[in-house]
Amino acid sequence: MQSENGFYGQYGGSYIPEILYSSQQQILQAFEEVKNDPEFLAELNQQWQQFSGRPTPLTFCANLTEHFGGAQIYLKREDLNHSGAHKMNNVIGQGLLVKRMGKKRVIAETGAGQHGIATALVAARLGLECTIYMGAKDIERQYPNVFWMKQLGATVVPVTTGAQTLRDALDEALRDWSSSHEESHYLIGTSCGCAPFPEMVAYFQSVIGNEVREQSVAQFGQFPDRLYACVGGGSNACGLFLPFLDDIEVEMVGVEAGGKGLELGEHSIRLSHNLGQPGIAQGFATMFLQDDAGQLQETHSIAAGLDYVGVSPIIAHLAETGRINMTYAMDDDVIAACTLLLKKEGIIPALESSHALAGAFKDAPNLPKDSKIVINLSGRGDKDIFNVAKAVQDETFPQFLTDYLAAYPTNHADNEEENA
Amino acid sequence: MSQLATFIAEKRQQKPILSMTHVVYGYPSVEQSLSWMERLMQEGVDFIEVQFPFSDPVADGPSIVAACHKALEQKLDVETCLSQLGKLAKNFPNSRIVLMSYLNPMYRFGLDKLAKRAAEENILGLILPDLPIEQATTYQAACKANNIDPVWLVTPVTPPDRLAMLASQASGFLYCVARSGVTGHSVHENKSHERKTKQTSLDDYLTQIKQHASAPMGVGFGLRERAQIEQLIGKADIAILGSALLDAYNKGGQEAGVKLIKDLFQH
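Chains A and B are the protein sequences, given in the same order. Each residue of the first sequence is one higher than the one before, starting from 1 at the first, in full-length UniProt numbering. Each residue of the second sequence is one higher than the one before, starting from 1 at the first, in full-length UniProt numbering.
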């Protein structure tokens with residue numbers, strides 16, 4: 001979606017410290033160039049295909065469709081990307097841009113660790129130095145991802161300020177960029193931040209919706225009637241929705257994290273029920289969860305990838321204008337949706353994507369039998385093994401952990417060194 | 001002429017360089033921060049830069065970030081802050097207070113209201129590091145209407161034409177950031193290659209700014225030693241002391257802070 005000078009209605013823009021002006025201008029210019037450069041686009045498509053496995057399939061779910069007895073349910077399988085999530089689409093694009101700009105180092109923030117891993121993978125492949133900022137609390141919750149980032153050669157920096165989650169990691173990545181802008185690129189993971197990041201990330205992610213346009217016509221002879229995507233930062237939603245923006249008969253539903261309840265701090269609902277308020281922080285204007293005095297607040301979701309305090313300015317604008325309908329799913333509904341997909345279709349969804357499932361499953365029974373819905377399965381759920389085990393109260397998992405620990409060698413000096 | 005620039009010009013008749021000392025409002029408590037400001041003005045600092053805390057201060061380094069987060073453990077209110085600062089300002093007519101914050105808390109308070117209330121409390125300058133001049137039309141108008149000054153920042157990597165534009169727009173004073181990075185000692189310093197371009201060219205950088213700026217010049221970011229202040233004499237009007245002062249305060253309270261100021265400015 002084209003912005004007007006970086007703005008989408010009242011959202012977006014560039015609100016960055018003066019020190020970052022030149023680097024931002026460089027990215028603006030480089031992005032404008034590559035959008036129209038057939039050579040860059042050919043390279044991008046080749047990398048998407050040969051490194052990440054695109055195009056990803058559009059999978060019909062016969063059992064779920066029968067189960068609900070309403071709309072015909074299709075999944076866009078972003079979980080089948082290399083690294084297991086749609087994050088790869090953006091990271092490949094920005095990685096190629098970094099090479100073109102001649103920078104040697106990338107910085108990224110990560111919440112759940114999916115963007116961190118994707119960045120570390122691409123940095124390894126492109127020979128770039130890589131520093132990942134991650135909240136200390138998220139590191140605790142998502143250690144397996146941290147482990148892989150380190151194995152891939154990235155430096156993972158625990159962020160111990162504030163709430164020690166994604167928002168703080170983003171602040172710290174911006175601070176690093178302020179010091180290192182001349183040789184480093186800030187490889188932001190979602191369609192947030194200062195211009196041109198929202199537009200650029202949405203552009204790279206739009207491969208999702210562009211594929212669905214072709215696949216839907218090929219597989220069922222029409223565009224989908226409704227699209228569903230979870231909305232954390234908003235990049236997978238932008239990716240699925242934006243290519244259909246002008247097809248007004250295609251309805252779009254964004255699903256935010258309802259968490260444990262609607263009290264401030266219990267959820268991550270920014271775009272409905274008057275829970276978020278307009279604000280300007282972290283480089284851009286959008287709807288933020290904040291108090292009356294404009295201090296950003298803590299959030300919660302069972303899915304670490306959905307608990308961002310702000311949201312893409314593109315999604316905020318489209319929600320405000322009514323083009324996208326926003327809803328939310330509570331933690332419990334999310335686990336139920338995840339379990340149902342496992343049992344009915346043999347697919348393991350990420351908890352983030354399970355929000356989109358939960359939102360769609362609520363509507364599916366009431367939709368006409370000949371209607372077609374596409375749910376963006378933005379990531380696979382292997383990473384959530386610990387959290388899902390806990391949520392479904394798996395009886396044998398604790399025993400497994402105890403036995404594993406008992407057999408784990410205690411002399412692990414290598415890891416200590418890397419942490420130092 | 002701007003009230004702030006006039007004040008600076010008069011003061012500069014007596015001193016080769018003026019001092020601006022930074023205090024985080026509400027750190028470690030509102031009362032203690034006000035007491036610290038009062039002490040600083042008793043000691044004769046020319047300016048206090050009061051930072052109203054924000055949860056996500058992206059242009060600040062670890063010392064100031066930690067102080068802001070500590071301060072925000074209590075509920076802070078912009079209106080209360082402004083009237084408390086106004087009272088202080090009245091008692092110390094030889095010093096001035098400027099207010100620094102990030103955009104969001106001020107945006108929520110209302111930028112028009114902020115300019116009006118600041119002027120009423122004799123706070124003559126406002127610093128918002130994440131509000132670029134391109135997005136600031138209404139804010140500039142509000143400041144102008146109330147005869148106070150928005151303070152713009154320039155940096156060593158600001159392109160020449162932009163530097164000329166910012167310098168020509170400056171009225172009260174121009175905030176010249178001395179180096180890349182965030183305020184104070186940064187965890188990011190080692191990774192930065194800022195050193196290549198940094199100290200050697202500070203003189204050139206300030207000379208270049210002076211060609212375009214009719215407003216006074218303040219220099220901040222990374223000042224901790226007397227030699228650095230001396231280097232600025234004759235090239236800038238104000239030396240801005242932020243994280244170094246906070247670090248001293250954290251170590252040894254008001255006395256340690258005052259000692260640092262005396263060492264640096266030899267008042």
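Glycine included, each C-beta is placed from N, C-alpha and C at the ideal position. Source: prediction; values computed, not measured.
Expected contact under 8 Å - CB spacing of residue i and residue j to nearest Å
{"i": "B/Gly38", "j": "B/Met20", "result": "Checking the displayed sequence, the identity of residue 38 of chain B turns out to be Glu instead of Gly. Actually they do not touch by this definition, with Cβ atoms about 16 Å apart."}
{"i": "residue 423 of chain A", "j": "A/Ile92", "result": "Past the edges of chain A, shown from 1 to 420, lies residue 423 of chain A, and the structure says nothing about it."}
{"i": "A/Ala154", "j": "A/Ala118", "result": "Not quite, the Cβ-Cβ distance comes to about 11 Å (not below 8 Å), so this is no contact."}
{"i": "A/Leu275", "j": "A/Leu296", "result": "About 13 Å separates the two Cβ atoms, so there is no contact after all."}
{"i": "B/Val58", "j": "A/Leu289", "result": "Rounded, the Cβ-Cβ distance is 18 Å, inconsistent with contact."}
{"i": "B/Cys143", "j": "B/Ala115", "result": "5 Å"}
{"i": "A/Gly111", "j": "A/Thr165", "result": "7 Å"}
{"i": "A/Gly232", "j": "A/Thr190", "result": "7 Å"}
{"i": "A/Leu351", "j": "A/Ala389", "result": "That belief does not hold up - the Cβ atoms of A/Leu351 and A/Ala389 are roughly 12 Å apart, past 8 Å."}
{"i": "A/Met1", "j": "A/Tyr11", "result": "No, A/Met1 and A/Tyr11 are not in contact; Cβ-Cβ is about 12 Å, not under 8 Å."}
For residue i, the nearest candidate out of the options (CA to CA)
{"i": "B/Asp263", "options": "B/Glu230, B/Ser35 and B/Ala215", "result": "B/Glu230"}
{"i": "A/Ala202", "options": "A/His181, A/Gly234, A/Asn145 and A/Asp176", "result": "A/Gly234"}
{"i": "B/Leu241", "options": "B/Cys176, B/Asp204, B/Leu72 and B/Gly234", "result": "B/Cys176"}
{"i": "A/Lys311", "options": "A/Pro224, A/Gln282, A/Lys390 and A/Ile248", "result": "Checking the sequence, you will find Val at residue 311 of chain A rather than Lys. Considering only alpha carbons, the answer is A/Gln282."}
{"i": "A/Pro144", "options": "A/Gln393, A/Glu395, A/Gly381 and A/Val217", "result": "A/Gly381"}
{"i": "A/Ile314", "options": "A/Gln46, A/Ser378 and A/Asn236", "result": "A/Asn236"}
{"i": "A/Ala391", "options": "A/Gln72, A/Thr110 and A/Val334", "result": "A/Val334"}
{"i": "A/Ser353", "options": "A/Ser378, A/Asn89, A/Arg323 and A/Ala389", "result": "A/Ser378"}
{"i": "B/Glu134", "options": "A/Tyr21, A/Asp394 and A/Ser191", "result": "A/Tyr21"}
{"i": "B/Ser2", "options": "B/Leu40, B/Ile123, B/Gly222 and B/Asp161", "result": "B/Ile123"}
{"i": "A/Asp176", "options": "A/Val157, A/Cys192 and A/Gly162", "result": "A/Val157"}
{"i": "B/Gln254", "options": "B/Leu40, B/Ile148 and B/Leu153", "result": "B/Leu40"}
{"i": "A/Leu242", "options": "A/Ile280, A/Gly258 and A/Met200", "result": "A/Met200"}
Closer than 7 Å: residue i CB and nearest the ligand COA heavy atom
{"i": "A/Asn366", "result": "With respect to small molecules bound, the structure shown includes none, and the ligand COA cannot be examined in it."}
Within chain A, partners of residue i - CB distance below 7 Å
{"i": "B/Val157", "result": "Ile19 and Ser22"}
{"i": "B/Asp130", "result": "Tyr15, Ile16 and Pro17"}
{"i": "B/Leu72", "result": "Gln295"}
{"i": "B/Val30", "result": "Simply none; closest approach about 14 Å."}
Environment of residue i [buried if 16+ CB atoms lie within 10 Å]
{"i": "A/Gln222", "result": "exposed"}
{"i": "A/Gln151", "result": "exposed"}
{"i": "B/Thr137", "result": "exposed"}
{"i": "A/Tyr404", "result": "exposed"}
{"i": "B/Lys196", "result": "For B/Lys196, the predicted model reports a pLDDT of 46, less than 50, meaning its position is unreliable; a value from the coordinates is still stated below. Under this definition B/Lys196 is an exposed residue."}
{"i": "A/Ala319", "result": "buried"}
{"i": "A/Gly127", "result": "exposed"}
{"i": "A/Pro224", "result": "buried"}
{"i": "B/Gln266", "result": "exposed"}
{"i": "B/Ser35", "result": "exposed"}
{"i": "B/Glu194", "result": "At B/Glu194 the pLDDT is 44, less than 50, meaning the model places this residue with poor confidence and gives no usable figure here."}
{"i": "B/Asp237", "result": "buried"}
{"i": "A/Tyr408", "result": "exposed"}
{"i": "residue 426 of chain A", "result": "Any question about residue 426 of chain A goes unanswered here, given that chain A covers just 1 to 420."}
{"i": "B/Leu75", "result": "Here residue 75 of chain B is Lys; the residue named in the question, Leu, does not match the sequence. Exposed: under 16 other Cβ atoms inside 10 Å."}
{"i": "A/Phe400", "result": "exposed"}
{"i": "A/Thr299", "result": "buried"}
{"i": "A/Val217", "result": "exposed"}
{"i": "A/Ala195", "result": "buried"}
{"i": "A/Lys372", "result": "buried"}
{"i": "B/Ile233", "result": "exposed"}
{"i": "A/Ala406", "result": "exposed"}
Per-residue contacts from residue i into chain B (C-beta, under 8 Å)
{"i": "A/Ser178", "result": "Val58, Ala59, Ser180, Gly181, Val182 and His188"}
{"i": "A/His181", "result": "Val157 and Ser180"}
Cross-chain neighbours of residue i in chain B, by beta carbon under 7 Å
{"i": "A/Leu174", "result": "Val58"}
{"i": "A/Asp171", "result": "Asp56 and Val58"}
Interface partners of residue i on chain A, CB under 8 Å
{"i": "B/His69", "result": "Thr161 and Gly162"}
{"i": "B/Arg162", "result": "Tyr21"}
{"i": "B/Val151", "result": "Ordered by position in chain A, no residue passes the 8 Å Cβ test against B/Val151, which lies about 11 Å from the chain."}
{"i": "B/Val154", "result": "Glu18"}
{"i": "B/Tyr107", "result": "Gly279, Ile280 and Gly294"}
{"i": "B/Asp77", "result": "Ala293"}
{"i": "B/Gln135", "result": "Gly13, Ser14 and Tyr15"}
Amino acids of chain A, ordered along the chain, whose beta-carbon sits closer than 9 Å to that of residue i
{"i": "B/Leu246", "result": "Under the 9 Å cutoff, chain A gives no residues; its nearest Cβ is about 15 Å from B/Leu246."}
Proximal chain B residues relative to residue i, where beta-carbon distance stays under 9 Å
{"i": "A/Arg167", "result": "Ser55 and Asp56"}
Counting Cβ pairs, one atom from each stretch, are 3 or more of them under 8 Å apart for the segment 203 to 221 of chain A and the segment 83 to 96 of chain B?
no
Whether or not the segment 322 to 331 of chain A and the segment 266 to 273 of chain A are in contact is what I'm after, with contact meaning three or more pairs of Cβ atoms, one per stretch, closer than 8 Å; do they touch?
yes
Three or more C-beta pairs closer than 8 Å, one from the segment 385 to 393 of chain A and one from the segment 98 to 110 of chain B: is that the case here?
no
Below 8 Å, how does it come out for the segment 26 to 35 of chain A and the segment 97 to 108 of chain A: are there three or more Cβ pairs, yes or no?
yes
How do the segment 156 to 176 of chain B and the segment 211 to 227 of chain B stand: do at least 3 beta-carbon pairs fall below 8 Å, yes or no?
yes
Examine the Cβ distances between the segment 59 to 67 of chain B and the segment 7 to 16 of chain B and report whether three or more of them are shorter than 8 Å.
no
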